[in-house]
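Asks: Everything in the sequence shown is counted per the numbering used here, starting at 260 for the first residue and increasing by one.
Could you have a look at this structure, given as structure tokens, before my questions?
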Amino acid sequence: MARQRLGVALLVPAPISTEMDGLRRALGEESLGRIPAHITLIPPVNVNDADMSDALALLRETAAATRPLRLELGPPTTFHPVTPVIYLAVGGDLEALHDLRERVFNPPLSRPLSHSFVPHATLADEIDPTRIPPALAALASYRVDVTVDRVHLLREGRGRVWRAIADAPFAPPRVIGRGGLPVEITETQLVDPLARLLLPGTAAPGSDAPGAWALTARREGCVVGVAHGATVGDRVEVEALVVAPPHRRQGIGGHLRAALEDLAARREATLVLPSPLD
Numbered sequence: 260m261a262r263q264r265l266g267v268a269l270l271v272p273a274p275i276s277t278e279m280d281g282l283r284r285a286l287g288e289e290s291l292g293r294i295p296a297h298i299t300l301i302p303p304v305n306v307n308d309a310d311m312s313d314a315l316a317l318l319r320e321t322a323a324a325t326r327p328l329r330l331e332l333g334p335p336t337t338f339h340p341v342t343p344v345i346y347l348a349v350g351g352d353l354e355a356l357h358d359l360r361e362r363v364f365n366p367p368l369s370r371p372l373s374h375s376f377v378p379h380a381t382l383a384d385e386i387d388p389t390r391i392p393p394a395l396a397a398l399a400s401y402r403v404d405v406t407v408d409r410v411h412l413l414r415e416g417r418g419r420v421w422r423a424i425a426d427a428p429f430a431p432p433r434v435i436g437r438g439g440l441p442v443e444i445t446e447t448q449l450v451d452p453l454a455r456l457l458l459p460g461t462a463a464p465g466s467d468a469p470g471a472w473a474l475t476a477r478r479e480g481c482v483v484g485v486a487h488g489a490t491v492g493d494r495v496e497v498e499a500l501v502v503a504p505p506h507r508r509q510g511i512g513g514h515l516r517a518a519l520e521d522l523a524a525r526r527e528a529t530l531v532l533p534s535p536l537d
């Protein structure tokens with residue numbers, strides 16, 4: 260059975276991620292460009308393709324019960340002499356962070372571990388141990404506050420490059436039609452892998468697309484519709500809106516359009532729909 264190598268992490272938001280990449284570059288970190296600045300929740304784990312739906316559902320359910328995390332990164336410290344690693348210590352909402360990690364660390368996203376969980380943001384791995392003391396002395400005053408509002412699922416690709424393939428915001432989904440045929444609509448930055456299946460031949464936005472967003476409609480956990488696009492200046496531009504064929508003529512397209520109008524209003528932008536709209 261085919262498997263994917265996945266990881267769960269809190270990606271450090273810009274512009275702090277850019278600062279961290281500068282520190283990583285100065286320390287000669289070889290993973291720069293392959294792995295984004297992050298706080299690991301679950302290290303690499305092999306997940307069967309058949310379990311991807313369960314993995315994404317676990318990520319969403321865990322995130323929906325979490326509030327945005329206010330974290331302090333720094334000062335730099337090390338795991339040496341156990342391993343020659345320089346990392347930023349993580350402080351702030353640690354109780355909520357540990358709770359998030361405990362809830363997401365479940366099948367199919369769990370795996371045996373050789374070390375206990377220590378929240379940290381790696382700056383340099385496998386660094387020459389003789390460089391550690393001067394590096395820690397030079398960076399001793401570095402501290403920065405960040406607010407993280409979502410968790411990401413990453414996948415390892417060719418060249419050991421890790422890219423985010425799904426994100427789950429720390430907020431409950433909007434539920435429409437309670438008591439009838441309820442539909443959950445979730446707003447994310449990325450189109451998750453299952454929602455992408457509704458977009459054959461469509462270039463869905465990547466993790467580095469500025470202003471990218473996606474709205475996914477689900478019924479009983481199954482994807483029934485998706486819209487995606489990007490905010491460009493004062494325009495919310497819709498790339499596509501698609502409803503799964505078995506679920507058409509059930510009002511799902513209308514729910515997605517209403518959610519698009521709400522998205523544009525919150526961003527004080529003009530909604531621009533493609534013509535014709537799928």
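Note that the Cβ used here is the ideal one computed from N, Cα and C, for glycine as well.
Quick caveat: nothing in here was measured; it's all calculated off a predicted structure.
Using the Cβ count rule (16 or more neighbours within 10 Å means buried), how would you classify PRO378?
Replies: Looking at its Cβ environment, which holds 16 or more other Cβ atoms inside 10 Å, PRO378 is buried.
Asks: Which residues in the same chain have their Cβ closer than 8 Å to the Cβ of GLU520, if we skip the five residues on either side of it in sequence?
Replies: If we look at GLU520 and ignore the five residues flanking it on each side, its Cβ neighbours are LEU530.
Asks: Quick check on DSSP: helix, strand or coil for LEU347?
Replies: LEU347 falls in the strand class under three-state DSSP.
Asks: Which same chain residues end up closer than 7 Å to LEU347 when comparing Cβ atoms and leaving out the 5 residues on each side of it in sequence?
Replies: For LEU347, where only same-chain residues beyond five positions count, the Cβ hits under 7 Å are LEU332, GLY333, PRO335, HIS379, ALA380 and LEU382.
Asks: Using CA atoms only, rank isn't needed, just tell me which of ALA476, LEU356 and HIS487 is closest to GLU443.
Replies: Among ALA476, LEU356 and HIS487, the Cα nearest to that of GLU443 belongs to ALA476.
Asks: For HIS514, write down the residues that DSSP places opposite it in a beta bridge.
Replies: Answer is none; HIS514 lacks a bridge partner.
Asks: For the alpha helix (DSSP H) holding ASP387, just list the boundary residues, first then last.
Replies: Here ASP387 belongs to no alpha helix (DSSP H), and DSSP marks it neither H nor E.
Asks: So what does DSSP say about ALA489, is it helix, strand or coil?
Replies: If DSSP states are grouped into helix, strand and coil, ALA489 belongs with the strands.
Asks: Within 10 Å of its beta-carbon, does MET260 have 16 or more other beta-carbons around it, so buried, or fewer, so exposed?
Replies: Looking at its Cβ environment, which holds fewer than 16 other Cβ atoms inside 10 Å, MET260 is exposed.
Asks: Where do the ends of the beta strand (DSSP E) carrying THR445 lie?
Replies: Taken as a continuous stretch (DSSP letters only), the beta strand (DSSP E) holding THR445 covers 442-447.
Asks: Taking GLN448 as the reference, which of VAL502, GLN263, LEU474 and LEU457 has the closest Cα?
Replies: Closest option to GLN448, Cα to Cα, is LEU474.
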